[in-house]
Amino acid sequence: MKEHLIKPNHDSEILMDVTPESAGWDYLSFKVVVLQAGEKFEQATGGDEVALVPLKGEALLKANEETFTVSRRDYFEEPPHILYAPPGTAVSVTATTQFEFAIGGAPAEGKYPVRLFRPDEIKQEVRGGGVAVRQVNHVLAHPLPAERLILFEVYVPGGGYSGWPPHCHDRYADSPYLEEVYYYRIDPAETGHCIHRNYRRDIDFDELFTVRDGECVLVTQGFHPVAVPPGSQVYFLNYLAGELLDEDRGIPPYDDPDWGWMKNDYDGNKLQLPLFKK
48 MKEHLIKPNH
58 DSEILMDVTP
68 ESAGWDYLSF
78 KVVVLQAGEK
88 FEQATGGDEV
98 ALVPLKGEAL
108 LKANEETFTV
118 SRRDYFEEPP
128 HILYAPPGTA
138 VSVTATTQFE
148 FAIGGAPAEG
158 KYPVRLFRPD
168 EIKQEVRGGG
178 VAVRQVNHVL
188 AHPLPAERLI
198 LFEVYVPGGG
208 YSGWPPHCHD
218 RYADSPYLEE
228 VYYYRIDPAE
238 TGHCIHRNYR
248 RDIDFDELFT
258 VRDGECVLVT
268 QGFHPVAVPP
278 GSQVYFLNYL
288 AGELLDEDRG
298 IPPYDDPDWG
308 WMKNDYDGNK
318 LQLPLFKK
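Residue numbers (this note's numbering): 48 to 325.
#1: In whole angstroms, give me the CA-to-CA distance for E331 and R181.
#2: Does the Cβ of V125 have 16 or more other Cβ atoms within 10 Å, making it buried, or fewer, making it exposed?
#3: On a Cα-Cα basis, can you pick out the residue from G269, P321, Y122 that is closest to D260?
#4: Can you tell me whether V173 is buried or exposed, with buried defined as 16 or more other CB within 10 angstroms of its CB?
#5: Could you give the distance in angstroms between the alpha-carbon of R119 and the alpha-carbon of Q145?
#6: Taking the alpha carbon of V81 as the reference point, which residue from E60, V97, P272, P204 has its own alpha carbon closest?
#7: Within the continuous beta strand (DSSP E) that includes S139, where are the two ends?
#8: Short check: CB of E290 to CB of V266, under 8 Å?
#9: Note down, one range per segment and in chain order, each beta strand (DSSP E) of at least 3 residues found wholly within the segment 86 to 131.
#10: Can you say whether H57 is buried or exposed, counting buried as having 16 or more other CB atoms within 10 angstroms of its CB?
#11: If you draw a straight line from the C-alpha of F323 to the C-alpha of K310, how long is it?
#12: Can E194 and L292 be called in contact, C-beta distance under 8 Å?
#13: From what residue to what residue does the beta strand (DSSP E) around A153 run?
#14: Could you tell me if E262 is buried or exposed, where buried requires 16 or more neighbouring beta carbons within 10 angstroms of its beta carbon?
#15: Under DSSP, the beta strand (DSSP E) around A188 begins and ends at which residues?
#16: Relative to the C-alpha of G297, which residue among P134, Y224, E89, A142 is closest?
#17: How big is the Cα-Cα spacing for G269 and T136?
#18: What's the C-alpha gap between N285 and P134?
#19: What residue range is occupied by the uninterrupted alpha helix (DSSP H) comprising A70?
#20: Is K170 helix, strand or coil by DSSP?
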């Protein structure tokens, strides 16, 4: 069985490296890289489109002959610029300060050019209700153009839930097929954590992970909610890719029918305390 909780390798500038071969899936690759000032990272996109998300710091990005300077104070403080590069692009990153970033890709034909998406192009929404309220930033999601890649940044306050009601995108109940990574950053980094579950309704598959700061969970199948304990604040970065192409990347996943009703009543079936008044 493939390992679905990925821990960072702090002995390398590449903190994690998920490939289709290591994940046991078909489309999505994902890396997290940290560079010191003056260091350089290079990657040829080959047959993939790629998207680069700055997490913290400043760097000079180059995609073939186009250059961009990007900076981000912190993933909890401001939205990012996103570098998109099609197949056949030479991408390089030169850090001007310590620079941490994610880069991921999926097979593509090359329909779209190199582009730097600005923060003001990114849709932001507060989604859900009750204890399941969270902020979702559509950093590379429809209608922003890409062939297969879909990216979100999500913020979940302490005591809250994300992915609720639970949803899936693994062909179950005619849902679209999408592979997904959840890359987590948690405040406080030393003691904070969250709970991530992957489960199915139709077969015996149920995974439960206690996730720490800097770790990544692979969603290969199933519904996948997240719970955050009080005192922890969670950011996660989602990369998805699969069978949805272009505008169809906006097709929604399938909600667990046991919990879908909560979209209309997030405070439903809520225990009111105290129970026994004197």
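Ideal Cβ positions, reconstructed from N, Cα and C, are used throughout, including at glycine.
In brief:
#1: A query on residue 331 cannot be resolved here, the shown segment of the chain reaching from 48 to 325 and no further.
#2: Looking at the sequence shown, residue 125 is not Val but Glu. Exposed, because fewer than 16 other Cβ atoms sit within 10 Å of the Cβ of E125.
#3: Y122
#4: exposed
#5: 11 Å
#6: E60
#7: Its beta strand (DSSP E) spans residues 137 to 142.
#8: Going by C-beta atoms, E290 is not nearer than 8 Å to V266.
#9: 87 to 91, 95 to 110, 113 to 119
#10: exposed
#11: 30 Å
#12: Yes; because the gap between Cβ atoms is below 8 Å, this pair is in contact.
#13: 146 to 154
#14: buried
#15: Per DSSP, A188 lies in no beta strand (DSSP E) and is assigned neither H nor E.
#16: Taking the Cα of G297 as reference, the smallest distance to any Cα among P134, Y224, E89, A142 is reached at Y224.
#17: 34 Å
#18: 21 Å
#19: Note, A70: alpha helix (DSSP H), 67 to 70.
#20: strand
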